[in-house]
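A short worksheet on the structure shown next.
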Amino acid sequence: MRATAVRRTALAASAAALALLATACGGSSDADAKDGKGEKGAANGSSSAPKTPAKALTAAELETAALAQGDVKGTKITKTGPADEVPADGVKVDKEACLPVAHAMYGVAQKGALATTKRRVIDEPKTDGKKSLEDVAKGEGADAFKDAFNLTSTFVALHSYEGTAGPDAFTALKKAAADCAGGFTATVAGTPTKVVSMAEEKITGGDEAVAWTVTSESDGATAPVKLVALRKEGSVATFFAFNLAAAGGDVKFELPTAVVAAQDKKLA
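Position one of the sequence shown corresponds to residue 10 (my numbering), numbered consecutively onward.
Here it is, written out as structure tokens:
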């Protein structure tokens with residue numbers, strides 16, 4: 010395939026996924042997010058909700074448990090800011106049953122959340138002499154696009170819930186993912202994003218964890234993103250990951266397991 014065709018296809022496919030991440034990974038401020046945002050998922054199975062209220066971390070404890078630079082090798086980790094905030098009533102869906110999934114994608118906390126903090130985790134560019142973004146712009150070939158954009162960006166929302174609210178939110182997300190596996194449309198700030206499918210993937214961690222590949226569509230082009238949820242006692246972390254090169258179909262996009270494992274360790 011000619012380089013120009015590869016770039017056109019990849020960029021068109023990535024448009025849908027970028028729409029999902031425009032808010033979730035838009036800001037670059039180091040200000041903490043204190044309001045609701047987060048969720049997690051699975052399509053099948055029941056929650057291992059404790060029979061007694063799970064431990065709820067304070068805002069200070071949650072901040073300590075959040076990811077920091079150096080926790081995940083080969084990445085840059087920063088706090089998010091006001092530009093990353095999406096209010097719960099700012100997320101609209103065409104199918105009410107799918108709202109917990111849409112909330113998870115945009116880091117919106119569910120009822121009962123006591124505190125929230127967020128992080129952005131981005132792969133560091135690989136300095137191995139491969140073609141740069143400038144090479145891609147000059148039409149240096151399909152491999153240039155793949156090499157330059159094969160970086161994963163993960164938006165992490167960590168919430169502390171009181172009582173059984175954390176396990177309940179986890180269970181609600183799993184049910185919503187199962188009900189909406191065939192797709193739905195989410196709209197934020199007037200921009201609609203069409204999700205065409207949710208396929209469950211395997212992941213472990215915490216007291217319970219779930220993951221999916223979420224496929225979005227725009228102008229006939231599809232793009233995959235990854236959604237993961239992890240619960241440890243009363244804390245729930247959600248991970249929303251995107252890889253631009255994968256949007257063009259040139260790279261196999263894996264779950265952000267290293268990021269999930271690092272967060273699981275800090276919650277232990």
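We put the beta carbon where it would ideally sit given N, CA and C, even for glycine.
Put simply, the backbone Cα of proline 109 is about 34 Å away from that of alanine 157.
Residue pairing for alanine 208: DSSP places it in a beta bridge opposite Thr222. Just measuring C-alpha positions, the residue of Val205, Lys211, Gly172 and Ala77 sitting nearest glutamate 242 is Gly172.
Aspartate 98 and alanine 111 have their C-alpha atoms spaced approximately 11 Å apart. Look at aspartate 103 here: in three-state DSSP terms it is coil, with no helix or strand label. With fewer than 16 other beta carbons inside 10 angstroms of its own, threonine 73 counts as exposed.
By a beta-carbon distance limit of 8 Å, proline 176 contacts arginine 240. Their separation comes to about 7 Å.
In the DSSP assignment, proline 233 falls within the unbroken beta strand (DSSP E) covering 230–241. Per DSSP, alanine 181 lies in no beta strand (DSSP E); the unbroken alpha helix (DSSP H) holding it starts and ends at 174–188. Annotation for leucine 123: the continuous beta strand (DSSP E) segment containing it runs 122–132. Straight through space, the alpha carbons of threonine 161 and valine 260 are spaced by roughly 11 Å. Between the alpha carbons of aspartate 103 and alanine 195 lies a distance of about 7 Å.
Around the Cβ of alanine 92, a 10 Å sphere holds fewer than 16 other Cβ atoms; the residue is exposed. Under the three-pair Cβ rule at 8 Å, the region 70–88 counts as touching the region 116–134.
For the options Thr202, Thr89 and Glu263, the alpha carbon positioned closest to that of isoleucine 212 is the one of Glu263. Straight-line spacing of the CA atoms in methionine 114 and glycine 79 works out to 25 Å.
For phenylalanine 158, the secondary structure class from DSSP, reduced to helix, strand or coil, is helix.
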